[in-house]
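Going by my numbering, the sequence shown opens with residue 334, and the numbers climb by one from there.
We treat Cβ as the ideally placed atom computed from N, Cα and C, and that holds for glycine.
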Amino acid sequence: MGILEHVSLKKYNTFGIDASARFFMEVRSLEELRRVFMEKALAGKRHLVLGGGSNVLFTGDFDGLVLRMCNKGKQVVERKTDSLVLKVEAGEDWDALVAWCVDQGWGGLENLSLIPGQAGTSPMQNIGAYGVELKDVFHSLEAFEKKTGQVRVFGPADCRFGYRDSYFKREGRDLFVITSVCLKLSIGLHRVNTSYGALSHELKALGFENPGIQEIRKAVMAIRQKKLPDPAILGNAGSFFKNPVVSLETFRRLQKAHPGLVAFPDQAGMKLAAGWLIEQAGWKGYRKGDAGVHEHQALVLVNHGNATGEEIAALGMAVKASVFEQFAVELEPEVNII
Ligand code: FAD
Ligand code: EPU
């Protein structure tokens, strides 16, 4: 088993934070995972399961074992005339998977184009974008239970998906390693989702009148490339906070005081655009040292070069405090702070 020591995590997190791991291992199979947890390789050490590192912020060195998921493979496990179930190993790159499915003519993932990270992480926060969430295509997943060494199968109800939320982020946190995900995709006759305002607008601008899955992917990529910083150029982890969901009563009170408030209906009330709140609080484009707030998307904190995780986290706290002071709305981080 290849356990390395004192490994820089800079290239393993999209914030580009130069933290280091005391121990580091690439996990290529279930057998390797089992050996780590069953054969005392951990021996009381802290550990962290890492995918693509696009939703973590390291606030210091990690004094334990980082297990980077590297298991690969895709397999059609069920096929009907109009749909199929694709099993994907956790270490597969998410956007390469989306591109491949669209090329095969399989529908369902196209709205989730260009989200960084791995397939195995997609259920953790029920990734979502442009009107679609993972739960809409989710069939099941397999997860290794750390305590027993058993592999358990989770169906949609077991995962308790919510907005940027799942069982694995709450009660199941740190108990399991997701080893594969099964996705239900359409063949031939796709029900494309163009309900998200910015997406329908972009489709029109690109001249796509009856868009198929290829066109949706192109439009989503175009929007994302305009709005979101590319981590290869500017370190970031996407939205730093979730969009807060408030009651209708709170929404009405806020709207009265701030007529420009941007909000969308949600099952539990109204979802406020955190980017708008942060921009109104004066943070858009702010920079202190190398830690900053993105100039085009205030919900994204960025590393202009050599910011430390502590500096980014401190900026996040200052943004949260100022939004609370101005709007009495509590922002909750989406990024996993480690
Ligand atoms: P990591 O950052 O490696 O891990 C995230 C968390 O999951 C950690 O707590 C880790 O311990 C745990 N974990 C990872 N893999 C496993 C596993 N196999 N088993 C158990 N636990 C595991 N997210 C969206 O939902 N929608 C977006 O539109 C979106 N846009 C983004 C744009 C940019 C530019 C960036 C940088 C990020 C964006 N994100 C978005 C956030 C991020 O891409 C997703 O959350 C992604 O699913 C994280 O995957 P990852 O493999 O990089 O996870
Ligand atoms: N807005 C501002 N100022 C800003 C940013 C946004 O006023 O600086 C307002 C605008 O009115 C805009 C609205 O907020 O129309 C919504 O912005 P956007 O469409 O960019 O989406 P978002 O709510 O900021 C969410 C997700 C993204 C996802 C997009 C598209 C969360 C926390 N973020 O962002 O996910 O890609 O919608 O669906 O839900 C992520 O999770 O990391 C992520 C990038």
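- DSSP, read as helix, strand or coil, puts Met457 in coil.
- If the five residues before and after Phe574 are omitted, its C-beta is found closer than 7 Å to the C-beta atoms of Ala607, Leu632, Leu664, Glu665, Pro666 and Glu667, all from its own chain and listed in chain order.
- Annotated three-state conformation of Arg585 is helix, per DSSP.
- Taking 6 Å as the cut-off, one finds no heavy atom of the ligand EPU near enough to the beta carbon of Trp427.
- Fewer than three Cβ pairs drawn from the region 460 to 469 and the region 414 to 424 lie within less than 8 Å of each other, which leaves the two stretches out of contact.
- Following the DSSP letters along the chain, one finds Arg503 in no beta strand (DSSP E), marked with neither H nor E.
- Cβ neighbours of Lys604 within its own chain (closer than 6 Å, five residues either side excluded): Asn576, Val578 and Phe597.
- Distances from the CB of Gly540 to the heavy atoms of the ligand EPU are all 6 Å or more.
- If you draw a straight line from the Cα of Gly625 to the Cα of Leu648, it comes to about 8 Å.
- With respect to the 7 Å criterion, Glu443 and Ile546 are classified as neighbours on the basis of their beta carbons.
- Contact annotation: Ala614 and Ser655 have beta-carbon atoms nearer than 7 Å.
- Between the beta-carbon of Ala570 and that of Leu390 there is about 6 Å, and that keeps the pair under the 8 Å contact cut.
- Taken through DSSP and simplified to helix, strand or coil, Leu445 comes out as helix.
- Distance from the CA atom of Met554 to the CA atom of Glu582, rounded to whole angstroms, is 36 Å.
- According to the DSSP secondary-structure assignment, His380 is paired through a beta bridge with Leu398.
- By the Cβ test, the region 509 to 516 is not in contact with the region 531 to 549, since fewer than three Cβ pairs between them sit closer than 8 Å.
- About 15 Å separates the beta carbon of Val421 from that of Val486, a gap too long to meet the 8 Å contact definition.
- For Pro489, the enclosing alpha helix (DSSP H) starts and ends at Pro489 to Cys492.
- Membership of Gly530 in the alpha helix (DSSP H) is indicated by the continuous run Gly530 to Ala538.
- Per DSSP, Lys559 is one residue of the alpha helix (DSSP H) stretching across Ile546 to Lys560.
- Within the same chain, and ignoring the five residues on either side of Leu375 in sequence, the residues whose Cβ sits closer than 8 Å to its Cβ are Val369 and Leu398.
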